[in-house]
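Okay, structure first, notes after.
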Amino acid sequence: MQSTLSKARITALGTYVPERVLTNFDLEKMVDTNDEWIFSRTGIRERRIAGPEEFTTDLCVAAVENLIKRYGKPIQDVDLVLVATTTSDYAFPSTASQIQARLGLENAGALDLNATCAGFVYGLHMANGLITSGLHKKILVIGAETLSKVTDYSDRATCILFGDGAGAVLVEYDEENPSFLSSYMTSKGEGGVHLYRTGLSKQMNKQELQNPGFMVQNGREVYKWAVTTVPLGMKRLMENSDFTLEEVDWFVPHSANLRMIESICEKSGFPLEKTLWSLEHFGNTSSATIPLALEKGLREGKLKSGDKVMLYGFGGGLVQAGLLMNWTLAG
């Protein structure tokens, strides 16, 4: 899937993570695990945890407020709010509708989308399409999760992985200096049995579900799928562009697991030292990992305006999506 000639540009970025820190040493007191075991297998040292009355909408609003503070961008003329999340405050109304109300965006439509850990990339892809087509001019795209609220903290295989956070970008019409260069996405729906959260149905693959309301993951199968298919997807993404992989300045994959990222880099031939991730201090925040990694790259002075950046999300569905972008933001 290749992008048409884009007319959309990312003009601002904001992020937010909750104050509470949950370290590997804290988890040692909760389940049979230890810091060395967690870090050696995942690259995670700590994660942020939302408060009992702090929900995904709160994280989203805080990320947008951070965006406004940093870039001084007016948002009252935003005409669409897109929120990528799997942990909405409610089944409905949507998180996007609540954000629209809280920010007073009187002329904005509102839509949640669920592509799990690929959600932020899917949201950017949709924003690019809607702006390039002429249907919209200014869109807020937010990736946010409060995964701690759907994590079983008695399950040591999953509770060590997940955290909470949010990232927001402003995407605006700009025919002269667009951000979007090419895209690729695919799915393998039959793999959904390996990563899911229970809903109205009490069955998955005709099997009675355990841990109602919590995430369930077959980490081994998800790992195998990701390290096999993401490098192929990266190749297809570059084939859809006018550039080579060697011309990409930064790779920003979903921060699920550092060992997974290392394997993807090895198999794709992309240098690990030119890869950005956010998992060490934030854990796996699903749709928020990529904007948090971009923020880290800006903060550390790595990501520069004019860089070629490859974003690649992958996760439950099983879905994946990549974007090759011309980065247009300074720190």
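One gets our numbering by counting positions in the sequence shown from 1 and adding 693 to each.
C-beta: ideal position from N, C-alpha, C; glycine also.
inquiry  = For Leu1004 and Leu888, what's the separation of their Cα atoms in angstroms?
reply    = Computed Cα separation, rounded: 22 Å.
inquiry  = I'd like the span of the beta strand (DSSP E) that includes Ile703, first residue to last.
reply    = 701-709
ask   = Got a sec, what are the start and stop residues for the alpha helix (DSSP H) Gln769 sits in?
value = Gln769 -> no alpha helix (DSSP H), and no H or E assigned at all.
key: Three-way DSSP call (helix, strand, coil) for Val1001 in this model   = Residue 1001 is actually Lys in this sequence, not Val. Reduced to three states, the DSSP call for Lys1001 is strand.
ask   = What is the DSSP secondary structure of Phe873, counted as helix, strand or coil?
value = strand
query = If you run the structure through DSSP and keep just helix, strand and coil, what is Ser781?
reply = coil
ask   = Quick one, which of Gly858, Tyr866, Ile835 has its alpha-carbon nearest Thr825's?
value = Tyr866
query = Curious, which full-length alpha helix (DSSP H) runs of at least 4 residues does the stretch 950-1015 contain?
reply = DSSP runs (the alpha helix (DSSP H)) wholly in the stretch 950-1015: 951-961, 972-975, 982-992.
request  = Within 10 angstroms of the Cβ of Leu863, are there 16 or more other Cβ atoms? Answer buried if so, exposed if not.
outcome  = buried
ask   = Should the stretch 836-856 be regarded as contacting the stretch 737-754, the criterion being three or more beta carbon pairs within less than 8 Å?
value = Verdict: yes, contact present.
ask   = What are the boundary residues of the beta strand (DSSP E) that Phe748 is part of?
value = Careful: Phe748 lies outside any beta strand (DSSP E) and carries neither H nor E.
ask   = Could you check where the alpha helix (DSSP H) with Lys842 kicks off and where it finishes?
value = Element bounds for Lys842: n/a, residue is neither H nor E.
task = Provide the residue span of the beta strand (DSSP E) that contains Leu715, from first to last.
result = 713-716
key: Start and end residues, alpha helix (DSSP H) containing Asp725   = Looking at the DSSP string, Asp725 is not in any alpha helix (DSSP H), and its letter there is neither H nor E.
task = Measure the alpha-carbon distance for Leu951 versus Arg738 and round it to whole angstroms.
result = 11 Å
task = Output yes or no for whether 8 Å exceeds the beta carbon distance between Arg913 and Thr726.
result = No, they are not a contact pair.
request  = Since I believe Tyr709 is in contact with Leu752 (beta carbons under 8 Å), could you give me their beta-carbon distance rounded to a whole number of angstroms?
outcome  = Right, the Cβ-Cβ distance comes to about 5 Å (below 8 Å), so this counts as a contact.
message = Suppose the cutoff is 8 Å on Cβ atoms and the five residues either side in sequence are ignored; what does the same chain contact list for Lys1001 look like?
response = Counting only Cβ-Cβ distances below 8 Å, and skipping sequence neighbours, we find Leu874, Phe936, Glu940, Val941, Asp942, Trp943, Leu1017, Met1018, Asn1019, Trp1020.
key: Residue range of the beta strand (DSSP E) that includes Trp943   = 943-946
key: Reduced DSSP category for Arg741 - H, G, I as helix; E, B as strand; rest coil   = strand
key: Neighbourhood of Ser696 by C-beta distance below 6 Å, restricted to the same chain and skipping five residues each side   = The predicted position of Ser696 is uncertain, since its pLDDT is 47 and thus under 50; no value can be drawn from it.
message = I'd like the span of the alpha helix (DSSP H) that includes Leu930, first residue to last.
response = 912-932
query = Nearest-angstrom Cα distance between Asn800 and Asp770?
reply = 7 Å
key: Pick from Val724, Glu712, Asp719, Thr716 that is closest to Glu746, judged by C-alpha positions   = Glu712
query = Is Leu798 helix, strand or coil by DSSP?
reply = DSSP places Leu798 outside both helix and strand once states are collapsed to three, so it counts as coil.
ask   = In terms of DSSP beta bridges, what is Phe855 paired with?
value = Asn977
request  = Compare the beta carbon distance of Ala837 and Thr749 with 8 Å and say whether it is the shorter of the two.
outcome  = Yes. Within cutoff.
task = Pull up the DSSP beta-bridge partners for Arg890, would you.
result = Met908
key: Same chain only: Cβ atoms within 8 Å of Tyr846, ignoring 5 sequence neighbours per side   = Met723, Val724, Cys852
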